[in-house]
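Comments concern the structure below.
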Amino acid sequence: MDYFPIEITTQILSRLPVKYVFRCRSVCKTWLNIIDDRRRFAPLHFTRSLEEKEATTFIFVPSGDRRRPIYMVEVKKEQYNYKRTQIDFCGPDYNTKYANSCYGLLCFSATPRNTGNDCYIYIHNPATREYVKLPSSFSCHQFKDVNLGFGYDHSSNAFKVLQFLGRDGFGHSISVKAQVCTLGTNSWRQLENFPSVHCFPSTPVLINGSLHWPSYEQILSFDLGSENFGLIEYPKSNLVPNTQFGINPVDNFRLVVLDGCLSVVISSFGEDVGIWIMKDYNVNESWIKIVIKKNYLKDRVLIKKVLPITFWKNGELLLLYGSKILVSYGVRSGRYTLFQFEGLPACKFDFFFQSYSWSEVYPYAGNLMPMNITWRTEGQP
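Note that this note's numbering has the sequence shown beginning at 2, numbered continuously upward.
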């Protein structure tokens with residue numbers, strides 16, 4: 002295998018998915034040396050992965066039940082099948098809660114199931130199985146209600162974790178405490194001037210160098226560079242998260258990233274899914290609306306919950322229908338392709354909240370970057 006120049010071989014290997022890169026280590030010594038030189042090869046491979054616009058790997062996260070496993074699912078659209086891998090690195094003694102991902106790194110919180118005061122935040126790379134563990138400054142009793150976000154600050158070439166404990170999802174006012182930690186320092190800094198908004202538990206959205214959470218009034222943003230909070234107005238419509246008809250906004254209201262834009266999704270028990278896409282970031286006049294009819298699958302599941310995930314191959318929109326069906330929807334053609342995932346946990350009814358515990362799905366792109374070096378990246382996650 003030595004007849005190819007090393008430069009060309011490196012370029013070819015850098016275009017492979019992570020799992021195939023690891024397999025290539027056993028081909029020959031030359032390939033092994035190229036791949037194991039992670040300080041040189043990993044940044045190149047990572048840059049190539051950022052150029053990939055069509056997501057084929059996704060994280061399946063159970064909402065509500067922290068004891069249920071998290072899965073990584075690879076979808077092969079042309080073959081209409083998939084491969085799933087369970088992610089479990091904290092062990093059976095901890096309940097884990099997924100926060101979000103950035104550049105292939107997953108952020109989790111972990112709390113003990115029985116006794117103890119050790120609450121941690123993990124930054125985990127599933128591809129390399131490396132992780133960083135941060136102690137939380139909140140007690141375990143408080144930590145269950147902490148909002149957690151993770152992202153990359155391009156101005157300082159550093160990853161940061163934000164945690165805040167404010168108002169819960171039912172509007173009961175409690176004092177707000179917000180802190181940020183830069184990876185590598187293991188120390189938390191207190192943040193001031195938290196806006197007067199009622200955030201409800203939700204996975205944050207990372208876009209334009211800022212983390213975002215939905216609230217009852219506006220969208221809360223946190224700039225990872227300036228470390229300032231901000232507010233973004235919802236579209237000018239009747240789009241207001243509420244609990245009318247006994248529907249928890251956590252169940253039917255989401256922030257997502259679609260086509261590289263901040264987006265708001267309403268998906269309840271009606272026949273339509275409303276999607277608002279902000280084409281120009283933080284420009285309220287740039288919201289546009291897409292409506293998706295969802296009654297085409299009404300005989301397949303009892304509860305019609307639809308969550309847009311991402312635009313992918315050929316401009317189709319990937320949807321999560323119910324808790325374990327992915328639907329590839331042609332926005333222009335109106336055609337659908339179904340991916341039924343057997344073996345994933347089905348939705349469960351939560352009698353306390355009187356709502357269903359669904360899986361959530363997020364696009365994922367792996368990387369080989371070591372976690373103990375300074376990253377220098379181009380573009381946004």
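Beta carbons are placed, not taken as given, at the ideal position from N, Cα and C, and that holds for glycine.
| query | result |
| --- | --- |
| Sequence-distant residues of its chain with Cβ nearer than 8 Å to Asp-260 (five each side left out) | Ile-278 and Phe-312 |
| Classification of Val-266 by the beta-carbon crowding that lies within 10 angstroms, buried from 16 upward | buried |
| With 16 other Cβ atoms within 10 Å as the buried cut-off, status of Thr-31 | exposed |
| Expected contact under 8 Å - CB spacing of Ile-293 and Val-307 to nearest Å | 7 Å |
| Beta-carbon spacing of Leu-321, Val-362 below 8 Å | yes |
| Coarse secondary structure for Lys-20, derived from DSSP in three states | helix |
| Alpha carbon of Pro-371 to alpha carbon of Phe-151, nearest angstrom | 17 Å |
| Beta-bridge pairing of Gly-152 - partner residues as DSSP gives them | Lys-161 |
| According to DSSP, residues forming a beta bridge with Arg-255 | Val-266 |
| Secondary structure of Thr-129, DSSP reduced to three states | coil |
| Leu-184, enclosing alpha helix (DSSP H) - first and last residue | From DSSP, Leu-184 is part of no alpha helix (DSSP H); its letter is neither H nor E. |
| Cβ-based burial, Glu-8 [other Cβ within 10 Å; buried from 16] | exposed |
| Option in Gly-226, Ile-233 and Phe-23 with minimal Cα separation from Trp-214 | Ile-233 |
| Completely contained beta strand (DSSP E) runs for the stretch 200-225, where each covers 3 or more residues | 206-208, 211-215 and 220-224 |
| Min CB distance Leu-45 to chain C below 8 Å | No chain C appears in the structure shown, which is made up of a single protein chain. |
| contact_flag[the stretch 154-164, the stretch 176-183] where n(CB pairs < 8 Å) is 3 or more | yes |
| Helix, strand or coil at Asp-37 according to DSSP, with G and I counted as helix | helix |
| Minimum C-alpha distance to Leu-369 - residue among His-46, Cys-103 and Cys-29 | His-46 |
| Identified DSSP bridge partners for Cys-108 | Asn-101 and Ile-124 |
| Host alpha helix (DSSP H) of Leu-14 (start-end) | 7-14 |
| Chain-order list of residues whose beta-carbon lies under 6 Å from that of Lys-84 (same chain, five-residue window excluded) | Glu-75 |
| DSSP-derived helix/strand/coil call for Phe-47 | helix |
| Whole-angstrom C-beta distance between Phe-160 and Leu-184, which should lie under 8 Å | 4 Å |
| Local Cβ density within 10 Å of Lys-98, reported as buried at 16 or more and exposed below that | buried |
| Beta bridge counterpart(s) of Thr-31 as assigned by DSSP | Note: Thr-31 sits in no beta bridge, so no partner. |
| CB contact flag (Phe-59, Pro-309, <8 Å) | no |
| Asn-158 versus Gly-226, Cys-262 and Ala-366, residue with shortest Cα-Cα distance | Gly-226 |
| Under the three-state DSSP convention, the category Asn-96 falls into | strand |
| Cβ neighbours of Phe-42 in the same chain (closer than 8 Å, five flanking residues each side left out) | Thr-11, Leu-14, Ser-15, Ile-35, Ile-36 and Leu-369 |
| Asn-96 and Thr-112 closer than 8 Å at C-beta | yes |
| Best match in Pro-44, Ile-276 and Asp-281 for proximity to Gly-367 [C-alpha to C-alpha] | Pro-44 |
| Pro-205 beta carbon less than 8 Å from that of Ala-100 | yes |
| Rounded Cβ spacing between Val-133 and Ser-110 (contact assumed at less than 8 Å) | About 13 Å separates the two Cβ atoms, so there is no contact after all. |
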